[in-house]
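Chains as they are written, first to last, in our numbering: chain E, 1335 to 1443; chain F, 107 to 220.
This is the structure:
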């Protein structure tokens, strides 16, 4: 089976840095994706790590450690519009994604 | 179209009725996925199409659920004899071949079974 664990909720203040962790147990693991979903909206792709290390895309970065079955999403210079749910998702050999339960990020002024 | 579209956006039905949900993927995307999301929960995988075939139907919750895809494009998800526990948002996504990690989602269909 496949399972991904991430915190259910994180709170941070505007301008701060926040890290959302994700641990996974999967078979045939190819990589880890991250998606953002605003309330009432559709999930949108943020980043993907196929290899160990850090991938940076503007204010967002994502990290993967295959040996630790662990990854994280790092959000810098938080803005109010970053308040949303963030999902990690494992890409497996079956060409599908298995999603974690999501982390609800609340950014406060 | 520019993105994945789904119809209807909202569907209210009575318990026991059948419903059909439609998904139009992005042109050129050969992979198509159906997910279900209950309020405040993660995405539950239902079924995946590569072209018109479904290599993995393991996520379908019961035999009341079925899906098809024709012409490598439009897909329909059918739920027969709906139950109240079927109430959820049904999301469709599509991706380019080989880019399964980057899926483009439609706005979803909110299904309410009374």
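Positions of the beta carbon are idealized from the N, C-alpha and C atoms, including for glycine.
**Request:** Could you confirm whether any beta carbon from chain E is found closer than 9 Å to the beta carbon of residue 211(F)?
**Result:** For residue 211(F), the answer is yes, since a Cβ of chain E falls inside 9 Å of its Cβ.
**Message:** Taking 8 Å as the cut-off, is the C-beta of residue 117(F) nearer than that to any heavy atom in the ligand SAM?
**Reply:** Looking for the ligand SAM in the displayed structure turns up nothing, as the structure carries no ligands at all.
**Asked** Per DSSP, which one or two residues make a beta bridge with residue 1383(E)?
**Response** Residue pairing of residue 1383(E) in beta bridges, as defined by DSSP: 1366(E).
**Message:** Taking 9 Å as the threshold (C-beta atoms), are residue 1398(E) and residue 1354(E) in contact?
**Reply:** Taking 9 Å as the Cβ cut-off, residue 1354(E) and residue 1398(E) do not qualify as a contacting pair.
**Request:** Please say whether residue 207(F) and residue 1419(E) have beta carbons closer to each other than 9 Å?
**Result:** No, they are not a contact pair.
**Prompt:** Is it the case that the Cβ atoms of residue 1357(E) and residue 1432(E) are separated by a distance below 9 Å?
**Reply:** Between residue 1357(E) and residue 1432(E), the C-beta spacing is not below 9 Å.
**Interface partners of residue 1459(E) on chain F, CB under 7 Å** = What the structure shows of chain E is the stretch from 1335 to 1443, and residue 1459(E) is not part of that stretch, so it cannot be assessed.
**Request:** Give the interface partners of residue 1382(E) over in chain F, defined as CB-CB distance under 7 Å, in chain order.
**Result:** Per Cβ cutoff of 7 Å: 207, 208.
**Touching by the beta-carbon criterion (3+ pairs, under 8 Å), the stretch 176-190 of chain F and the stretch 110-124 of chain F** = Flag = yes, the stretch 176-190 of chain F and the stretch 110-124 of chain F touch.
**Item:** Own chain partners of residue 157(F) with C-beta closer than 8 Å, once the 5 adjacent residues on each side are dropped
**Value:** Taking residue 157(F) as the centre and dropping the five residues before and after it, the same chain places the C-beta of 136, 175, 178 closer than 8 Å to its C-beta, in chain order.
**Request:** Just the C-alpha distance for residue 1349(E) and residue 1375(E), rounded to the nearest angstrom, thanks.
**Result:** Between residue 1349(E) and residue 1375(E), the C-alpha separation is close to 24 Å.
**Asked** What's the call for residue 1437(E), buried or exposed, on a 16-neighbour Cβ count within 10 Å?
**Response** Answer is buried; the Cβ neighbour count reaches 16.
**Message:** Are the CB atoms of residue 112(F) and residue 198(F) within a distance shorter than 9 Å?
**Reply:** Yes, Cβ-Cβ distance for residue 198(F) and residue 112(F) is below 9 Å.
**Request:** Have a look at the DSSP bridge pairing and note the partners of residue 162(F).
**Result:** Answer by DSSP bridge pairing, in chain order: 154(F).
**chain E contact residues for residue 214(F), given Cβ-Cβ distances below 8 Å** = Ordered by position in chain E, the residues that pass the 8 Å Cβ test against residue 214(F) are 1376.
**Asked** Ends of the beta strand (DSSP E) at residue 1339(E)?
**Response** Under the DSSP assignment, residue 1339(E) falls in the beta strand (DSSP E) whose first and last residues are 1337-1339.
**Message:** Taking the alpha carbon of residue 215(F) as the reference point, which residue from 202(F), 117(F), 109(F) has its own alpha carbon closest?
**Reply:** If we check each option's Cα against that of residue 215(F), 117(F) comes out closest.
**Asked** Using a C-beta to C-beta distance shorter than 8 Å, which residues of chain E count as neighbours of residue 166(F)?
**Response** Scanning chain E for C-beta atoms nearer than 8 Å to the C-beta of residue 166(F) yields nothing, as the closest lies near 13 Å away.
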